[in-house]
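Trainee:
Residue numbers (this note's numbering): 33 to 729.
#1: Check whether the Cβ atoms of residue 443 and residue 406 lie closer than 8 Å to each other.
#2: For residue 396, does the three-state DSSP call read helix, strand or coil?
#3: If you reduce the DSSP assignment to three classes, tell me which class residue 679 lands in.
#4: Looking only at its own chain, which residues have a Cβ that is under 8 Å from the Cβ of residue 390, when we skip the five neighbours before and after it?
#5: Going by beta-carbon coordinates alone, are residue 512 and residue 552 separated by less than 8 Å?
#6: Residues bridged to residue 649 by DSSP?
#7: Whole angstroms are fine: how far does the CA of residue 493 sit from the CA of residue 460?
#8: In the DSSP assignment, find the unbroken beta strand (DSSP E) run with residue 95 in it and report its ends.
#9: By how many angstroms is the C-alpha of residue 397 removed from the C-alpha of residue 425?
#10: Under 8 Å Cβ to Cβ from residue 559, same chain only, skipping five residues before and after it: list those, please.
#11: Do residue 196 and residue 276 come within 8 Å of each other at the CB atom, strictly closer than that value?
#12: Within 8 Å, do at least three Cβ pairs link the segment 218-226 to the segment 175-183?
#13: With a 10 Å radius around its C-beta and 16 neighbouring C-beta atoms as the bar for buried, classify residue 628 as buried or exposed.
#14: Take every Cβ of the segment 206-218, pair it with every Cβ of the segment 235-252, and state whether three or more of those distances are shorter than 8 Å.
#15: Using three-state DSSP, classify residue 701 as helix, strand or coil.
#16: Let me know if residue 138 comes out buried or exposed under the rule of 16 or more other beta-carbons within 10 Å of its beta-carbon.
#17: Quick check on residue 578: buried or exposed, where buried means 16 or more other Cβ atoms within 10 Å of its Cβ?
#18: I need the DSSP call for residue 595, collapsed to helix, strand or coil.
#19: For a quick check, are the C-beta atoms of residue 418 and residue 464 less than 8 Å apart?
#20: Is it the case that the Cβ atoms of residue 140 and residue 302 are separated by a distance below 8 Å?
#21: Locate the beta strand (DSSP E) running through residue 211, then write down its first and last residues.
#22: Just the C-alpha distance for residue 478 and residue 427, rounded to the nearest angstrom, thanks.
#23: From residue 713 to residue 669, what does the alpha carbon distance come to, in whole angstroms?
#24: For the beta strand (DSSP E) that residue 540 lies in, which residues bound it at each end?
#25: How do the segment 693-701 and the segment 674-684 stand: do at least 3 beta-carbon pairs fall below 8 Å, yes or no?
#26: Starting from residue 118, follow its DSSP beta bridges and name the residues at the other end.
#27: List, from N- to C-terminal side, the beta strand (DSSP E) runs of 3 residues or more that fit wholly inside the segment 468-500.
#28: Among 402, 445, 117, 676, whose alpha-carbon lies nearest the alpha-carbon of residue 416?
#29: Using 8 Å for Cβ pairs, my map puts residue 310 next to residue 198. What's the rounded Cβ distance?
#30: Based on the DSSP secondary-structure assignment, which residues constitute the bridge partners of residue 206?
#31: Are the CB atoms of residue 576 and residue 537 within a distance shorter than 8 Å?
#32: Considering just the uninterrupted stretch of the beta strand (DSSP E) at residue 180, what are its terminal residues?
#33: Ignore the nearest five residues each way along the sequence and tell me which others in residue 410's own chain have a CB closer than 7 Å to its CB.
#34: Taking only three categories from DSSP, how would you classify residue 314?
#35: Which residue from 509, 532, 499, 506 puts its Cα closest to that of residue 516?
#36: Could you work out which residue in 142, 241, 324 is closest to residue 481 when comparing CA atoms only?
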């Protein structure tokens, strides 16, 4: 049959067995006595924390319910399940239940126009939960003006903890002739047990104390005479948004059907209305090339913002306020919508929830990098993962991740990366992404998650520099102190390095002026050497020198630290500046003198004036003297006889004084050969005397 009643100036017909979203009141066939609303035992849900941080917010709304109309999933994967328990049995008639709230199979369009009634503006054309709270029937179920009848409970269960969920209602209550009625929901498991548990944020819904001596929060229409049309006038419609303040896995509501105004007792009609549930959303804010990442807003946060409040709540216990949702007016109704990040930017600073007060640079000379990440609100076990764009190609690659398990109530976790080798590590300003989620499965770098938080940060990948030592000849025993001074970082010095010595790679702050220098080591006179410096990058290209110097300055820069900023770091950054090798080459400044005479006398430097030679055997003497400041080892002595002088290859060469080489005896053949005679060490001021016999022709 069809039931008719007047709403405003028109008549509407609604078929009882086929609910639609047009009506919001339905007549029953019987009567009931008035019963005060009261809590239903055993339905206290899990209250995790009172998360009263109402910052800029983005939201995701539930998708279409299942065939039974009792379950729906948000784009991020949070499952919302509705269940109900009928009200208490009637004391009159046969003691039967006055009925509870039913859920319409397959759902229907929400039709809560206009969107201005809701905060945020939800997709009012979406398929929603459709609920019908049973009316009353019979003479003993007449409800007096100002009275109400208990209709049991409605429970919303969430697959993950959610913070500050919003309930959006369409077409609650209505006018049956001269009698106005509304459905009222009282939160049975609020965090505080007061009206602070819920806030009316939009439309014509309000939050009051429950009737009687109770203090729990009740939501109902603002008007005593609600109209079914959400838009005309908006102040009298049963449409609007209520925020439930706190973090929950279960919301349990005691439901009552109230007779708000009229002329006297009457049988209330069934009240049909729509419900959409939305959850706040947290977004990544790295440049768009890194892909979107989002999380349903719950208790798990990156940073030490707080801890879960006990269940049941305990007064004075700090709540978790470590994360707030993003983008104030946007509703994300589909998974595809979450695939585009709304906060992308080069500074990665649009999301102001930064759980890390500071972020250490990645050392260029390290093989690993460790980051201790504080977390809070971990009511159960989960995973923490991080990605660093080591090659600065504008994306988080598979080999750039590190993950750690999170235990329930964990306060922090360590992420450990192995730094890639070669061109896979590119110095410069890059990006870090952190994601914390519940469950045993590690998250990917992108995509929607049903719990936790995402944070993006700028991070510096430092270059590396080393100073090597080369000595000519390489047998020289000089020792040198090599230093790297990357202001403002601490200087590094490798002392007493010989040929082949090195500082090893040292990490250099980005953009710093780096001074490299050498000084004399133990028992070494730097003035005895000619010094030159050359620097090459990882590709082998020369970036400095070679130049005659004992020190030089080099400023590290990268493509991402100069010029105009953009959403995507330069993908053609100069990788050659990631690694620099500077070589100080010290060539021994030898000061050797050689004299030759055929009239040798001790102390006589060379032939005397007017000396002559006579035909026949003659003894020649070569004197090699080190006039330099440092010892000389390996001086090569060669002599080629002039015209008219014959020197038999087998004639002996006698060596006396200093620098006598091993491996003798030596002959004129050695002296005149290509290899000559290699002397041993000649100290400063020392001499070696070589004597041999030739024939003057």
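All residues carry an ideal CB built from backbone N, CA and C; glycine is no exception.
Mentor: Let's see:
#1: By one-based count along the chain shown, residue 443 stands at place 411. By one-based count along the chain shown, residue 406 stands at place 374. In contact: residue 443 and residue 406 (Cβ atoms closer than 8 Å).
#2: The residue labelled residue 396 in the question sits at position 364 within the chain shown. Three-state DSSP puts residue 396 in coil, outside helix and strand.
#3: For the purposes of this step, residue 679 is taken as the residue at position 647 of the chain shown. In the structure shown, residue 679 sits in coil (DSSP, three-state: anything other than H, G, I, E or B).
#4: Here residue 390 corresponds to residue number 358 of the chain shown, with the count starting at 1. Contacts found: none.
#5: Residue mapping note: residue 512 aligns to position 480 of the chain shown, counting from 1. Residue mapping note: residue 552 aligns to position 520 of the chain shown, counting from 1. In contact: residue 512 and residue 552 (Cβ atoms closer than 8 Å).
#6: For the purposes of this step, residue 649 is identified with residue 617 of the chain shown, where counting begins at 1. Answer is 727, bridged to residue 649.
#7: The residue given as residue 460 occupies position 428 in the chain shown. The residue given as residue 493 occupies position 461 in the chain shown. So the alpha carbons of these two residues sit roughly 5 Å apart.
#8: As a working mapping, residue 95 is identified with position 63 in the chain shown. It is not in any beta strand (DSSP E) - residue 95 carries neither H nor E in the DSSP assignment.
#9: Taking the first residue of the chain shown as position 1, residue 425 is located at position 393. Taking the first residue of the chain shown as position 1, residue 397 is located at position 365. Going by the C-alpha atoms only, they are around 21 Å apart.
#10: For the purposes of this step, residue 559 is taken as residue 527 along the chain shown, with counting starting at 1. Result list for residue 559: 621, 661, in chain order.
#11: Start at 1 with the first residue of the chain shown, and residue 276 comes out as number 244. Start at 1 with the first residue of the chain shown, and residue 196 comes out as number 164. In this structure, residue 196 lies closer than 8 Å to residue 276 by Cβ.
#12: no
#13: Taking the chain shown and counting its residues from 1, the one referred to as residue 628 is at position 596. Classification for residue 628: exposed.
#14: yes
#15: On the chain shown, residue 701 is found 669 positions in, with the first residue counted as 1. Looking at residue 701 - three-state DSSP - the assignment turns out to be helix.
#16: On the chain shown, position 106 is the one that residue 138 refers to. By the 10 Å Cβ count, residue 138 comes out exposed.
#17: Working through the chain shown from its first residue, we reach residue 578 at position 546. When all chains shown are included, residue 578 counts as exposed.
#18: As a first step, residue 595 must be located in the chain shown, where it is residue number 563. Unreliable placement is indicated for residue 595, whose pLDDT of 28 sits below 50; no coordinate value is reported for it.
#19: As a first step, residue 418 is located in the chain shown; it is residue number 386 there, counting from the start. As a first step, residue 464 is located in the chain shown; it is residue number 432 there, counting from the start. In this structure, residue 464 lies closer than 8 Å to residue 418 by Cβ.
#20: One-based indexing of the chain shown puts residue 140 at position 108. One-based indexing of the chain shown puts residue 302 at position 270. Their beta carbons are not under 8 Å apart, which means residue 140 does not touch residue 302 by this criterion.
#21: Residue numbering aside, residue 211 sits at position 179 when the chain shown is read from its first letter. Residues 211-219.
#22: On the chain shown, residue 478 is found 446 positions in, with the first residue counted as 1. On the chain shown, residue 427 is found 395 positions in, with the first residue counted as 1. Cα to Cα, residue 478 sits roughly 10 Å from residue 427.
#23: Sequence index remark: in the chain shown, residue 713 carries index 681 (1-based). Sequence index remark: in the chain shown, residue 669 carries index 637 (1-based). Computed Cα separation, rounded: 13 Å.
#24: Counting from one through the chain shown, the residue named residue 540 turns up at place 508. Element bounds for residue 540: n/a, residue is neither H nor E.
#25: yes
#26: By one-based count along the chain shown, residue 118 stands at place 86. None; residue 118 has no bridge partner.
#27: 479-481, 485-493
#28: To locate residue 416, count along the chain shown from 1; it is residue 384. Comparing Cα positions, the closest option is 445.
#29: What you label residue 310 is simply residue 278 of the chain shown in a count that begins at 1. What you label residue 198 is simply residue 166 of the chain shown in a count that begins at 1. Right, their Cβ atoms sit about 5 Å apart.
#30: Locating residue 206 in the chain shown gives position 174, where the first residue counts as 1. DSSP, once it has assigned bridges, lists 213 as partnering residue 206.
#31: Within the chain shown, numbered from 1, the residue matching residue 537 stands at position 505. Within the chain shown, numbered from 1, the residue matching residue 576 stands at position 544. No, Cβ-Cβ distance for residue 537 and residue 576 is not below 8 Å.
#32: Translated into the one-based positions of the chain shown, residue 180 becomes position 148. Here the beta strand (DSSP E) through residue 180 covers 180-195.
#33: To locate residue 410, count along the chain shown from 1; it is residue 378. Hits under 7 Å: 332, 438, 440, 441, 442.
#34: Counted from its first residue, the chain shown places residue 314 at position 282. Strand.
#35: Here residue 516 refers to the residue found at position 484 of the chain shown. Checked all of 509, 532, 499, 506; the closest Cα to residue 516 is 499.
#36: As a working note, residue 481 is residue 449 in the chain shown. Answer by Cα proximity: 324.
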